[in-house]
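A.B. asks:
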């Protein structure tokens, strides 16, 4: 069974803009249209539960985008991510949008690659690509260069990449077992290595955060805010690579950077994504990240406590990831034990 398609609503009084957006998004999403604010009110009232996101033009006659946002707020419709569409996000628009906690801005003219990619990331849609051999080679070269850069950064701060290497290896174990599950999202066996390697870079955005001594001078609250910003910085860093040959890895990896601190109960960051709006692969990255932290913090790198750490995650971390991933972790227990035993020898 294929991954369930997400449904979007485009609200724009300009027909040509609706047609362009629909043509850009049709391949990945089911798209409905509203040509004015009143139609949007009716759709949200009667079919809002079917919507996964709204693309809302700011400048419309009579009832503009902010009127629609106000209507949604008054009706308590807060679960639908809204992207504001505008030719120019002015400072006034940005400040007004903050009040409604919008998901982001989409600029005109539309970027045919960036718009669907941002929506896939925000809504947990896993990209599918049939990678050719030359694309795999180009991606492998990019990953190798990125790894050299990241390891140099870690070394400068007296750290090594043991944690991230372990995360990548555990991702591979989980993904290999995941292949055999009859779940809604399939993974190409040829893509397991790339997805596993993506987990290695989930914290790479830390490279763009100022030295922690400067953070401390900013105060504890500011420091925490800057530390949490590593998710968005990592996403931005990966997206600097616009090469078509690396597109699949960049999208998978940037998604992990951005969303590996989210929780399915909506209590994570940076976007407070709930449930289905974070892909299973991002959630899997969150799970192995937490596993490695718990395992290394209390037990070092030994194989013996693997079973205890798994029980601890299942019992004490409800709401962190899809319950099916805890079952996958349990099913992978012996392979994880064997992995750590090999590391002990």
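Residue numbers (the numbering used here): 6 to 350.
Ideal Cβ positions, reconstructed from N, Cα and C, are used throughout, including at glycine.
Just so we're clear, the structure is a prediction, and the values are computed from it rather than from any experiment.
1. How do the segment 38-54 and the segment 103-121 stand: do at least 3 beta-carbon pairs fall below 8 Å, yes or no?
2. Compare the Cα-Cα distances from residue 291 to each of 114, 201, 182 and 238 and report the closest residue.
3. Let's test the definition: count the other Cβ atoms within 10 Å of the Cβ of residue 313 and tell me whether it reaches 16, buried, or not, exposed.
4. Determine whether the beta carbon atoms of residue 129 and residue 82 lie at a separation below 7 Å.
5. Under the DSSP definition of a beta bridge, which residues are partnered with residue 91?
6. Determine the contact status of residue 73 and residue 61, defining contact as a CB-CB distance below 7 Å.
7. Inspect the CB distances between the segment 318-337 and the segment 292-299 and report whether three or more fall short of 8 Å.
8. Nearest to residue 55 by alpha carbon, out of 84, 196, 235 and 32?
9. When the distance is taken between beta carbons, is residue 155 closer than 7 Å to residue 190?
10. How many angstroms separate the CA atom of residue 232 from the CA atom of residue 123?
11. Per the contact definition of three or more C-beta pairs closer than 8 Å, is the segment 311-325 in contact with the segment 265-273?
12. Taking CB distances under 7 Å as the criterion, tell me whether residue 179 reaches chain D.
13. Residue 78: buried (16+ other C-beta within 10 angstroms of its C-beta) or exposed?
14. At the level of alpha carbons, what is the spacing between residue 6 and residue 242?
15. Leaving out the 5 sequence neighbours to the left and right, which residues in its chain are closer than 6 Å to residue 17 when beta-carbon positions are compared?
16. Thinking residue 120 and residue 257 are a contact (beta carbons under 8 Å), I'd like their distance in whole angstroms, please.
17. So, at 6 Å on beta carbons, what are the nonlocal neighbours of residue 250 in its own chain, with the 5 sequence-adjacent residues on each side left out?
18. For residue 6, which three-state DSSP category applies?
19. Please name the residue, chosen from 92, 80, 238 and 176, that lies closest to residue 51 on a Cα-to-Cα basis.
20. Residue ranges of each alpha helix (DSSP H) run of no fewer than 4 residues wholly in the segment 154-206, ordered along the chain?
21. What whole-angstrom Cβ distance do residue 134 and residue 169 have, given they're in contact under 8 Å?
22. I'd like the ranges of any alpha helix (DSSP H) spanning at least 4 consecutive residues and lying wholly in the segment 40-75.
23. Relative to the C-alpha of residue 91, which candidate in 316, 171, 253 and 114 has its C-alpha closest?
24. Can you tell which of 118, 238, 184 and 181 has the C-alpha that lies nearest to the C-alpha of residue 31?
25. I need the boundaries of the alpha helix (DSSP H) containing residue 312, first residue and last residue.
26. Taking buried to mean at least 16 other C-beta atoms within 10 Å of its own C-beta, is residue 21 buried or exposed?
27. Which runs of the alpha helix (DSSP H), 4 residues or longer, sit entirely within the segment 241-278?
C.D. replies: Let me lay it out:
1. no
2. Position 286 of the chain shown, counting from 1, holds the residue named residue 291. For residue 291, the closest C-alpha among the options 114, 201, 182 and 238 is that of 201.
3. The residue you call residue 313 lines up with position 308 of the chain shown. With fewer than 16 other Cβ atoms within 10 Å, it is exposed.
4. By one-based count along the chain shown, residue 129 stands at place 124. By one-based count along the chain shown, residue 82 stands at place 77. For residue 129 and residue 82, no; Cβs fall outside 7 Å.
5. Here the question's residue 91 lines up with position 86 in the chain shown. Paired residue(s): 112.
6. Locating residue 73 in the chain shown gives position 68, counting from the first residue. Locating residue 61 in the chain shown gives position 56, counting from the first residue. In this structure, residue 61 lies closer than 7 Å to residue 73 by Cβ.
7. yes
8. Here residue 55 refers to the residue found at position 50 of the chain shown. Nearest C-alpha to residue 55: 84.
9. The count along the chain shown starts at 1 and reaches residue 190 at position 185. The count along the chain shown starts at 1 and reaches residue 155 at position 150. The answer is no: Cβ separation not under 7 Å.
10. Looking up residue 232 in the chain shown gives position 227. Looking up residue 123 in the chain shown gives position 118. Looking at the two C-alpha atoms, the distance is approximately 22 Å.
11. yes
12. Checking the listed chains, one finds no chain D in this structure; it contains a single protein chain.
13. For the purposes of this step, residue 78 is taken as the residue at position 73 of the chain shown. That one is exposed.
14. Here residue 6 is taken as the residue at index 1 of the chain shown, counted from 1. Here residue 242 is taken as the residue at index 237 of the chain shown, counted from 1. Low local confidence applies: a pLDDT of 38 at residue 6 is under 50, so the model's placement there is unreliable, with the coordinate-based value given in what follows. Each residue's Cα considered, the two are about 34 Å apart.
15. By one-based count along the chain shown, residue 17 stands at place 12. Correct list, in chain order: 23 and 62.
16. Reading the chain shown from its first residue, position 115 is the one you call residue 120. Reading the chain shown from its first residue, position 252 is the one you call residue 257. Actually they do not touch by this definition, with Cβ atoms about 18 Å apart.
17. Residue 250 sits at position 245 when you count from the first residue of the chain shown. Answer for residue 250: 140 and 143, listed in chain order.
18. Within the chain shown, numbered from 1, the residue matching residue 6 stands at position 1. With a pLDDT of 38 at residue 6, under the threshold of 50, the predicted position of this residue should be treated as unreliable, though the coordinate-derived value follows. Three-state DSSP puts residue 6 in coil, outside helix and strand.
19. As a position in the chain shown, residue 51 is number 46, starting the count at 1. Ranking 92, 80, 238 and 176 by Cα distance to residue 51 puts 80 first.
20. 167-183 and 197-205
21. Position 129 of the chain shown, counted from the first residue, corresponds to residue 134. Position 164 of the chain shown, counted from the first residue, corresponds to residue 169. About 24 Å separates the two Cβ atoms, so there is no contact after all.
22. At a cut-off of 4 residues, the continuous stretches assigned as alpha helix (DSSP H) that sit fully inside the segment 40-75 are 42-52.
23. The count along the chain shown starts at 1 and reaches residue 91 at position 86. Cα-wise, what sits closest to residue 91 is 114.
24. Translated into the one-based positions of the chain shown, residue 31 becomes position 26. Nearest C-alpha to residue 31: 118.
25. Residue mapping note: residue 312 aligns to position 307 of the chain shown, counting from 1. From DSSP, the alpha helix (DSSP H) with residue 312 extends over 311-321.
26. Here the question's residue 21 lines up with position 16 in the chain shown. Burial call: exposed.
27. The alpha helix (DSSP H) runs of length 4 or more contained entirely in the segment 241-278 are, from start to end of the chain, 252-264.
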